[in-house]
Amino acid sequence: MIEIKSRDQLEAMRAAGLVVARTLALLASHAKAGVSTAELDELAEQNIRDAGAIPSFKGYHGFPASICASVNEQVVHGIPSRTQVLAEGDLISIDCGAILDGWHGDSAITLPVGVVTDAELKLSEATRASMLAGIEAAVAGARLSDVSFAIESATILAGEEHGFEYGIVEGYGGHGIGTKMHMDPFLPNHGKPGKGPRLKPGMAIAIEPMLTLGTERTVELDDGWTVITADGSRAAHWEHSVAITDDGPWVLTALDGD
Numbered sequence: 001m002i003e004i005k006s007r008d009q010l011e012a013m014r015a016a017g018l019v020v021a022r023t024l025a026l027l028a029s030h031a032k033a034g035v036s037t038a039e040l041d042e043l044a045e046q047n048i049r050d051a052g053a054i055p056s057f058k059g060y061h062g063f064p065a066s067i068c069a070s071v072n073e074q075v076v077h078g079i080p081s082r083t084q085v086l087a088e089g090d091l092i093s094i095d096c097g098a099i100l101d102g103w104h105g106d107s108a109i110t111l112p113v114g115v116v117t118d119a120e121l122k123l124s125e126a127t128r129a130s131m132l133a134g135i136e137a138a139v140a141g142a143r144l145s146d147v148s149f150a151i152e153s154a155t156i157l158a159g160e161e162h163g164f165e166y167g168i169v170e171g172y173g174g175h176g177i178g179t180k181m182h183m184d185p186f187l188p189n190h191g192k193p194g195k196g197p198r199l200k201p202g203m204a205i206a207i208e209p210m211l212t213l214g215t216e217r218t219v220e221l222d223d224g225w226t227v228i229t230a231d232g233s234r235a236a237h238w239e240h241s242v243a244i245t246d247d248g249p250w251v252l253t254a255l256d257g258d
């Protein structure tokens with residue numbers, strides 16, 4: 001069962017999405033060398049609560065923070081820490097979620113800390129382009145795997161343009177979103193087109209490619225959360241929550257004007 005929302009319910013999701021978008025914009029301006037990921041987490045929680053919302057990550061299956069802060073080889077689910085202080089040349093992916101009036105928003109960005117290598121900038125660029133391709137494919141009447149195929153195709157195209165073969169992280173992907181943060185359907189970041197449920201107006205999915213400069217394989221650390229690349233290569237993660245509408249995809253977690 002895939003949750004179908006009314007227009008009013010999608011508007012409520014948009015309000016939650018804007019809380020997330022504004023929080024990520026705030027964190028982007030503070031993610032600098034010398035700042036700990038715990039400081040970013042505290043800033044995010046305060047901003048979410050000031051907006052009248054609740055951090056959806058905090059306490060989720062025991063997760064201890066309001067954001068996931070994944071640095072360098074960390075792909076997703078990095079736990080913010082006072083001992084993890086950002087340094088020049090780091091690449092950080094920040095995943096953020098908020099609940100407002102019972103509706104969820106979920107989004108992620110990848111940021112360079114100061115000057116990073118050209119390869120790392122292109123990795124983030126490729127990941128974002130793959131997300132945007134997935135969003136463009138999220139139209140009423142399409143099959144779910146059409147979105148997966150669009151993400152994979154954009155990843156391959158970016159690799160050809162950049163002269164590099166990016167790794168598409170195995171086992172992780174997007175998901176339905178609405179009255180819960182993670183709902184059916186699961187959305188792989190690769191696959192053949194024309195498969196899976198047909199997308200209908202009122203559905204909402206989080207589209208979130210995760211790419212690496214090396215392997216697609218990952219390892220979960222002993223903290224039970226942090227996922228790193230198996231070969232230590234750097235990773236990037238971009239995500240938007242998107243509604244399917246009769247007028248095309250509606251990005252619920254973008255700032256107005258983006």
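The opening residue of the sequence shown carries number 1 in UniProt numbering; numbering runs sequentially from there. Virtual Cβ for every residue (Gly too), placed ideally from N, Cα, C.
Of the listed residues L18, I4, Q9, I2, nearest to V251 (C-alpha basis): Sequence index remark: in the sequence shown, residue 251 carries index 251 (1-based). Minimum Cα distance to V251 is reached at L18.
At which residue ranges does the region 29-71 contain complete alpha helix (DSSP H) runs of 4 or more residues, listed in the order of the chain? 37-50
Could you name the residues of the same chain whose beta carbon sits closer than 6 angstroms to that of L144, not counting the 5 residues immediately before and after it, in chain order? Here the question's residue 144 lines up with position 144 in the sequence shown. Here the set comprises P185, G196, P197.
Curious, which full-length alpha helix (DSSP H) runs of at least 4 residues does the region 105-155 contain? Residue ranges of uninterrupted alpha helix (DSSP H) with 4 or more members, entirely inside the region 105-155 and ordered along the chain, are 118-137.
Hey, could you find the ends of the beta strand (DSSP E) A236 is sitting in? Indexing the sequence shown from 1 puts residue 236 at position 236. That run of the beta strand (DSSP E) goes 235-237.
Between the beta-carbon of H111 and the beta-carbon of R234, is there less than 8 angstroms? In the sequence shown, residue 111 corresponds to position 111, counting from 1. In the sequence shown, residue 234 corresponds to position 234, counting from 1. Per the sequence presented here, residue 111 reads as Leu, with His not at that position. Against a cut-off of 8 angstroms, the Cβ pair of R234 and L111 comes out as no contact.
For G167, count the other beta carbons within 10 Å of its own beta carbon; 16 or more makes it buried, fewer makes it exposed. Which is it? Here residue 167 refers to the residue found at position 167 when the sequence shown is read from its first residue. G167 should be labelled buried.
Runs of alpha helix (DSSP H) wholly within the region 168-210 (minimum 4 residues, chain order): none
Check this for me: beta carbons of G141 and P209, under 8 angstroms apart or not? In the sequence shown, the residue the question calls residue 141 occupies position 141. In the sequence shown, the residue the question calls residue 209 occupies position 209. It is not a contact, given that the beta carbons lie outside the stated cut-off.
Check each candidate in L26, A98, D256 and name the one with the smallest Cα separation from G52. What you label residue 52 is simply residue 52 of the sequence shown in a count that begins at 1. Of the candidates L26, A98, D256, the one whose C-alpha sits nearest the C-alpha of G52 is A98.
Does the beta-carbon of L43 have 16 or more other beta-carbons within 10 angstroms, so that it is buried, or is it exposed? By 1-based counting over the sequence shown, the position of residue 43 is 43. L43 should be labelled buried.
Buried or exposed (CB count within 10 angstroms, at least 16 for buried), S241: Walking along the sequence shown from the start, residue 241 turns up at place 241. Burial is judged here by how many other beta carbons sit within 10 angstroms of a residue's own beta carbon; S241 has at least 16 and is buried.
Could you tell me the distance, in whole angstroms, from the CA atom of residue 261 to the CA atom of H190? Beyond the ends of the chain as shown, which are 1 and 258, falls residue 261; an answer cannot be given.
First and last residue of the uninterrupted beta strand (DSSP E) at S93: As a first step, residue 93 is located in the sequence shown; it is residue number 93 there, counting from the start. Residues 91-100.
Taking just the CA atoms, how far does V75 sit from T215? Working through the sequence shown from its first residue, we reach residue 215 at position 215. Working through the sequence shown from its first residue, we reach residue 75 at position 75. C-alpha separation (whole angstroms): 12 angstroms.
So, at 6 angstroms on beta carbons, what are the nonlocal neighbours of A15 in its own chain, with the 5 sequence-adjacent residues on each side left out? The residue you call residue 15 lines up with position 15 of the sequence shown. L100.
Taking DSSP as the reference, what is the three-state secondary structure of T23? In the sequence shown, residue 23 corresponds to position 23, counting from 1. It is helical.
Does DSSP put G84 in a helix, a strand or coil? Counting from 1 along the sequence shown, the entry for residue 84 is found at position 84. For the record, residue 84 in the displayed sequence is Gln; it is not Gly. Three-state DSSP puts Q84 in coil, outside helix and strand.
A158, DSSP secondary structure in three states: Within the sequence shown, residue 158 is the residue found at index 158, counting from 1. It is helical.
Three-way DSSP call (helix, strand, coil) for G163 in this model: On the sequence shown, residue 163 is found 163 positions in, with the first residue counted as 1. G163: coil per DSSP, three-state reduction.
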